[in-house]
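Participant: Residue 151 in this note's numbering is what sits at position 114 of the sequence shown, and the numbering runs on without skipping anything. For each residue, glycine too, the CB sits at the ideal point set by N, CA and C. If you scroll down you'll find the structure; I have some questions about it.
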Amino acid sequence: MRIAYLDCFSGISGDMFLGALVDAGVSPKLLEDAVAALDIGARLEIKRTMRSGISATKVDVYANGEKDLPREVFQEQHAHAHSHSRAHSHDHSPAHAHGSPANGSGHGRELNEIRRIIESAAITSGAKNTAIKIFESLGEAEAEIHNTPSSKFTFMKSAQSMP
38 MRIAYLDCFS GISGDMFLGA LVDAGVSPKL LEDAVAALDI GARLEIKRTM
88 RSGISATKVD VYANGEKDLP REVFQEQHAH AHSHSRAHSH DHSPAHAHGS
138 PANGSGHGRE LNEIRRIIES AAITSGAKNT AIKIFESLGE AEAEIHNTPS
188 SKFTFMKSAQ SMP
């Protein structure tokens, strides 16, 4: 078994983490197969890229055929949309704000739904247990940060909805 220690003192996005895993030796096919096994309409596009003279693996996540917008573009569009929506009531609770998907077609997923998806995936029981433990830990940490019960915390569907 290999162990990786991550020192994410200022955070890390999911696509950056997946790219780092590939660069560290994880098979791209393993990641693509794991995403396909979840059967949630998502797929990965994995390619090499150059940023500021540094070569790295870029992983784009497609959900229902759509690629996420860059965070800055999403935030600009989201702010513009909110400036036109002052006439109606809108829930700005932590779970809502953190759980809004990129395309506005619904909210993210609560932990129980994520557990069901993982439990029904065509992956090993060990992988299922590990994935569930990771989401439980993330949910507890995020719920504490957002001062909401972990059972009610909504994981966002897209990195674009991060503040």
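Where DSSP assigns a beta bridge to residue 191, which residues make up the other side?
Facilitator: According to DSSP, residue 191 bridges with 147.
Participant: How many angstroms separate the CA atom of residue 72 from the CA atom of residue 80?
Facilitator: 6 Å
Participant: Just the C-alpha distance for residue 204 and residue 59, rounded to the nearest angstrom, thanks.
Facilitator: Since the displayed the chain opens at 38 and closes at 200, residue 204 lies outside it and no answer follows.
Participant: Thinking C-alpha only, which one of 155, 185, 47, 184 is nearest residue 171?
Facilitator: Of 155, 185, 47, 184, the residue nearest in Cα terms is 155.
Participant: DSSP beta-bridge partners for residue 213?
Facilitator: The first residue shown for the chain is 38 and the last is 200, placing residue 213 beyond what the model contains.
Participant: At 4 residues or longer, what runs of the alpha helix (DSSP H) sit wholly inside the segment 39-109?
Facilitator: 51-60, 65-75
Participant: Of all the CB atoms in chain D, is at least one closer than 7 Å to the CB of residue 188?
Facilitator: Annotation note: the requested chain D is absent from the structure, which comprises a single protein chain.
Participant: Can you name the start and end residues of the alpha helix (DSSP H) that residue 160 belongs to?
Facilitator: From DSSP, residue 160 is part of no alpha helix (DSSP H); its letter is neither H nor E.
Participant: Going by the C-beta, is residue 188 closer than 6 Å to any heavy atom of the ligand ZN?
Facilitator: Among the components modelled here there is no ligand, and therefore nothing to report on the ligand ZN.
Participant: Quick one: residues in its chain with C-beta nearer than 7 Å to the C-beta of residue 180, no 5 flanking neighbours on either side, listed in chain order?
Facilitator: 186, 187, 190
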